[in-house]
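Visitor: Here's a structure for you.
Given below as structure tokens:
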């Protein structure tokens with residue numbers, strides 16, 4: 001589908017985009033900008049799709065629900081504003097805008113296989129090397 005879907009969200013979980021104040025909004029987009037170039041380079045991408053799905057009818061993909069994770073830890077997921085940053089390559093979708101349908105549906109697939117804690121930790125460690133230079 002796509003090589004990565006990096007989510008950027010405020011530390012405090014605001015439900016909707018319009019709930020963000022000027023400072024939170026600036027921090028959110030400055031963070032998106034900061035990670036953009038490293039993601040493009042790491043995934044040999046030619047472009048990025050940067051997307052917010054604000055509210056249920058826009059396909060906001062984090063409902064207020066309990067995580068169906070495969071780990072023994074289950075937790076409440078609160079609806080929160082977040083930005084999808086997706087590295088793109090030529091012809092990664094039959095039609096360029098098909099990515100929006102895929103974003104809307106990816107959390108709702110009936111047979112979705114959730115990643116393990118170990119896989120997510122490995123990805124986080126990999127991304128730390130991209131975003132945090134010592």
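Residue numbers (UniProt numbering): 1 to 134. Backbone N, C-alpha and C define an ideal beta-carbon position, used for all residues, glycine too.
#1: Can you have a look at residue 6 and say buried or exposed, based on whether 16 or more other CB atoms are within 10 angstroms of its CB?
#2: Can you look up residue 137 in the DSSP assignment and give me helix, strand or coil?
#3: Determine the direct distance from the alpha carbon of residue 17 to that of residue 54, and round the result to whole angstroms.
#4: Can you name, in chain order, every residue of its own chain whose Cβ lies under 6 Å from the Cβ of residue 49, other than the five neighbours on each side?
#5: Using the three-state DSSP reduction, which class does residue 87 fall into: helix, strand or coil?
Guide: Taking the structure as given:
#1: What you label residue 6 is simply residue 6 of the chain shown in a count that begins at 1. It is buried - the Cβ of residue 6 has at least 16 other Cβ atoms within 10 Å.
#2: There is no way to answer for residue 137, as the model of the chain reaches only from 1 to 134.
#3: Taking the first residue of the chain shown as 1, we reach residue 54 at position 54. Taking the first residue of the chain shown as 1, we reach residue 17 at position 17. Rounded to whole angstroms, residue 54 to residue 17 spans 6 Å at the Cα level.
#4: Position 49 of the chain shown, counted from the start, is the residue given in the question as residue 49. Within the same chain, residue 49 has close Cβ partners 86, 88 and 99.
#5: Stepping through the chain shown from its first residue, residue 87 is reached at position 87. Three-state result, residue 87: strand.
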